[in-house]
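S.K.: Residue 297 in this note's numbering sits at position 73 of the sequence shown, with consecutive numbering throughout. C-beta: ideal position from N, C-alpha, C; glycine also. Pasting a structure below so you can have a look.
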Amino acid sequence: MKSETSAQPGRPRAFDTDVALERAMHVFWAKGYEGAALSDLTRAMRINRPSLYAAFGNKEQLFRKVLDRYMNGPLAFFQKALAARKARDVIEQIFLAPPTWRVTRELQRDAW
Numbered sequence: 225m226k227s228e229t230s231a232q233p234g235r236p237r238a239f240d241t242d243v244a245l246e247r248a249m250h251v252f253w254a255k256g257y258e259g260a261a262l263s264d265l266t267r268a269m270r271i272n273r274p275s276l277y278a279a280f281g282n283k284e285q286l287f288r289k290v291l292d293r294y295m296n297g298p299l300a301f302f303q304k305a306l307a308a309r310k311a312r313d314v315i316e317q318i319f320l321a322p323p324t325w326r327v328t329r330e331l332q333r334d335a336w
């Protein structure tokens with residue numbers, strides 16, 4: 225029987241994909257999809273184009289992965305808040321939630 229998981233050919237990645245996605249997210253925030261050039265993305269992510277394509281696919285696929293990360297990361301607390309039974313609890317959870325969505329100075333600097 226064939227295994228569902230197969231080894232990736234070539235060397236292991238020399239970068240952290242989570243960090244790279246986080247940096248790409250900040251570039252898309254700052255410049256938008258159309259304004260974010262591949263050179264902007266690769267510079268912020270600290271990878272070259274072949275690594276970007278190998279790890280994330282094309283620009284659209286990278287953008288979709290960034291959106292998934294954003295929805296399951298910084299925006300995830302909204303889903304939890306909206307599930308509260310009382311409107312007051314919803315508001316409290318949204319406004320008193322930890323500021324996980326804030327841009328760190330390092331990532332903001334690296335996106336430029």
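Could you check if V243 is buried or exposed, using at least 16 other CB atoms within 10 Å of its CB as the buried criterion?
M.R.: Classification for V243: exposed.
S.K.: By alpha-carbon positions, which one of L286, F287, F319 ends up nearest to F301?
M.R.: Of the listed residues, the one whose Cα sits closest to F301 is F319.
S.K.: Would L286 and L276 qualify as a contact pair, given that the criterion is a beta-carbon distance under 8 Å?
M.R.: A contact, by the Cβ cut-off of 8 Å.
S.K.: Suppose you measure from the CA of Q303 to the CA of R312; what does that come to, to the nearest Å?
M.R.: Looking at the two C-alpha atoms, the distance is approximately 15 Å.
S.K.: Mind reading off the beta-carbon distance from M269 to R237? Whole number of angstroms is fine, and I expect it under 8 Å.
M.R.: With 8 Å as the limit, M269 and R237 do not qualify as a contact, their Cβ atoms being about 12 Å apart.
S.K.: Where does K289 sit, in a helix, a strand or coil, going by DSSP?
M.R.: Of the three classes helix, strand and coil, the one that applies to K289 here is helix, per DSSP.
S.K.: Note down, in chain order, each residue of its chain lying with its Cβ closer than 8 Å to the Cβ of L262, except the 5 sequence neighbours on either side.
M.R.: Hits under 8 Å: R273, L276, K283.
S.K.: Closest to R288 by C-alpha separation, out of R309, G256, I315, would be which residue?
M.R.: With distances taken between Cα atoms, R288 lies closest to G256.
S.K.: Which residue comes first and which comes last in the alpha helix (DSSP H) that contains F301?
M.R.: Run containing F301: 300 to 306, per the alpha helix (DSSP H) assignment.
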